[in-house]
Each structure stands twice: as structure tokens, then as C-alpha cells.
Amino acid sequence: MEGSKGDEAFEALGLKPQLLINDILNMVDDVVDAAFGFYHQEVVKLLRSGGDGSSINSDDLAKGISSLRYLVEGVLDKQMTRWENYCLNHCFSVPEGFVLPKNQDSTRNFLMHSELSNQQLDIQLENLRMKLAAAGKKNVELQREINSLEKQARNDAAVGETMQLLEQNIVPQIFKDIKEAASELQEKLLEAMVKMKDGAGGGLININTLKEGIWKQDEYLSTKLEEIQDVVKILRRT
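Just so we're on the same page, the numbering used here is the position in the sequence shown counted from 1, plus 912.
In C-alpha cells, the structure reads:
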């Protein structure tokens, strides 16, 4: 697509390639003017500092600088003309098959749609950040709960081991004490019965002694039974 169709395409998109190129060419001309103006001033200063300034012919100096500028601008103009043609034929050429938008509103709608898409992406990104922060907070809470459960499990295991040791050691010892107390009571009963056979006057004393021994042993056995009941209650709780 060339000529007016290319210009029409750029205008429809709000672009003006030739205007851009002209602005650049004008900037180059301004730089050349400033450069030769500065060069003229420096040459005059240099010649005056090297001898008598009255011997300098300003007209000859101006002609010499103009000739030099003419040579430089001739080469520069050729290069800038090539640059302009290259830009128009390559950088700003409209490819074949390019379809113009139906109207300028479609281009504006496309730009607005792009802006809306960017806003939607920003919103989605912010939502993802919030979800990630919430998930991190939930993970911390779950980890804290897991640590608490592990600690409780260790405590329960320690209590179970302690109760097992109590069951294996303390309870048998209590029954052993009861057995010894029963044997001792039996011996005292036999001893009391033997003494009752000796004399009529000693019978009453022996009976009282027997009762006193029975009461003491009964109190001891009751204490041991209470201890057994306490241990059983503890074991049932576990």
C-alpha cells in the first residue's frame, strides 16, 4: 500500500511520519548553524591572539567559512536525503494487506480495552496476593495446632508409661504388704489362742489383747484397701 493510501493509514492511526522527519531535518540544520557560528567566533579569537587583529580581513574569513560550510552541507544533505528515503520506505512503510480501522472510534476502543485489561490484571494480581497472604496465615495456625497436638500426644504417652510403671510396681507391693499383714494377724491369733488355754485368770487378758491386735490389723488392712481403690480409680481415668 503506497502513496495516499499509506498517508491515509497513518492519519487514521494518528501518526504523521513526514512531519517527524521534517522536524529531525530542521534540528540538524539548527545544529549545523550553531556549529559554524561557534567555529567563526573561535577562529576570530585565535587569529587575534596570534598577531595584530587589524590585519584580519573579515570578508575573506566569511568567504572561507562559507565555502567550508557549503562542502559540509553538501555531503550532509546527501546523507540526510538517503536517511529520509530509508525511513519512508522501510521504517514507515505500510505492509500489504493492512486493513484500516472502520473508524477512529475502533482504535480508541482498542486502546481503552487494553487499559481495562491492564486494570483487570492488576485487580486479579491483588486478589491473588490477598489469597496468598490468607493461605500463609492459615498455614501458621495449622502448624501451631499440629505442634499442640504433638505436645499433647507426648504428654499422654508419658502419663501412660507412668501408670504402667505404677501398675507393675506399686500394686503388687500393696498386695504383698496385705499378705504379710494377714500372715502376721494369723500368727497373733494362734498365739492368743495358745495363751487362752493357760489359766482361767489369763483368759480375759488374752481376749482383750486379741481384740486389740485384730483392731490394729483391721485398721492397717483398711488403709491398704483404700490405697488400692485410689490406684484403681487412677487407672480407670487413663
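Every residue, glycine too, gets a C-beta built ideally from N, C-alpha and C.
Can you give the beta carbon distance from residue i to residue j, rounded, assuming they're within the 8 Å contact cut?
| i | j | result |
| --- | --- | --- |
| Val944 | Glu985 | 6 Å |
| Phe1010 | Pro929 | No, Phe1010 and Pro929 are not in contact; Cβ-Cβ is about 14 Å, not under 8 Å. |
| Leu937 | Met992 | 6 Å |
| Arg1151 | Phe948 | What is shown of the chain runs 913 to 1150, which leaves residue 1151 out entirely. |
| Val1006 | Ala924 | With a Cβ gap of about 11 Å, Val1006 and Ala924 do not count as contacting. |
By a C-beta neighbour count over all protein chains shown, 10 Å radius and 16 as the cutoff for buried, is residue i buried or exposed?
| i | result |
| --- | --- |
| Leu932 | exposed |
| Leu1116 | Low local confidence applies: a pLDDT of 45 at Leu1116 is under 50, so the model's placement there is unreliable, with the coordinate-based value given in what follows. Its Cβ having fewer than 16 others within 10 Å, Leu1116 is exposed. |
| Ala1065 | exposed |
| Gly1111 | In this prediction, Gly1111 scores a pLDDT of 48, lower than 50, which makes its location untrustworthy; the coordinate-derived value is nonetheless stated afterwards. It is exposed - the Cβ of Gly1111 has fewer than 16 other Cβ atoms within 10 Å. |
Counting along the chain, where does the alpha helix (DSSP H) carrying residue i start and finish?
| i | result |
| --- | --- |
| Val984 | 970-998 |
Using a Cβ-Cβ distance cut-off of 8 Å, determine whether residue i contacts chain D.
| i | result |
| --- | --- |
| Phe948 | The structure shown has no chain D; it contains just one protein chain. |
Quick check: does the Cβ of residue i come within less than 7 Å of any heavy atom belonging to the ligand MG?
| i | result |
| --- | --- |
| Gly976 | Only the bare structure without any ligand can be found here, which leaves the ligand MG out of the picture. |
As an exercise, report each continuous alpha helix (DSSP H) stretch of at least 4 residues that is fully enclosed by the segment 1035-1065, in chain order.
Runs of the alpha helix (DSSP H) inside the segment 1035-1065: none found.
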